[in-house]
Amino acid sequence: MAVVTDDSTVVVSGSSPAWSETASPSVSVAESQSCLVGSLVGVRHACAVAPLTDDHADAAGSVVWEAELVAIIAEAENLKHALAGLQARATDELRQARTAAAGPGRRAQDQAIQSVAAEVGLARRVSPWWGGQYVAAGGVRCSV
4 MAVVTDDSTV VVSGSSPAWS ETASPSVSVA ESQSCLVGSL VGVRHACAVA PLTDDHADAA
64 GSVVWEAELV AIIAEAENLK HALAGLQARA TDELRQARTA AAGPGRRAQD QAIQSVAAEV
124 GLARRVSPWW GGQYVAAGGV RCSV
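Residues in the sequence shown are numbered consecutively from 4, following the working numbering.
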């Protein structure tokens, strides 16, 4: 997990046991979710403050540095795809939980889905209509 301290120092430690592959079965879902959110915030902060260039580098090290920059670009792309999958799964879980709590009526189900669409839109900083598109797409992706 990456953590940014008050003086903008980035500290990176191993993955949290709450959501790693070797997680203890005694860890609750809430603890796991909280740890995941904390880790994502840490990564976001680390990305914001990480230096990408060295003003004092010589020309001999530039090829190695450029290869590292390409690796950063590739890993950022992989992370972006993983996060999109995480968003889709979380959106579908929220939709399922809300529709289950709404009851069996068609109107109650529709209102629950509209509510989720609005919240997803707010969370993703888009309109409720786009939030509804993500709710629908999340259900399709997660059911395959």
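Where is the CB? At the ideal position from N, CA and C, for every residue including glycine.
Note that the coordinates shown come from a computational prediction; the quantities given were computed from them, not determined experimentally.
Asked                                                                                         : Found
N-terminal and C-terminal residue of the alpha helix (DSSP H) that R127 is part of            : 109–127
Three or more C-beta pairs below 8 angstroms linking the segment 97–111 and the segment 72–82 : no
T56, DSSP secondary structure in three states                                                 : coil
Distance between A70 and Y137 (C-alpha atoms, nearest Å)                                      : 35 angstroms
Sub-8 angstroms separation of G134 and V143 beta-carbons                                      : no
Nearest to K83 (by Cα), restricted to the options R128, V32, C50, S31                         : C50
Within-8 angstroms CB hit, S35 to chain B                                                     : Reference to chain B is not applicable here, since this structure consists of a single protein chain.
Assigned exposure category for A115 - 16 Cβ within 10 Å defines buried                        : buried
Rounded C-alpha distance that separates G41 from T56                                          : 27 angstroms
Exposed unless 16 or more other CB atoms sit within 10 angstroms - verdict on G106            : exposed
Cα-Cα separation, W132 to A120                                                                : 7 angstroms
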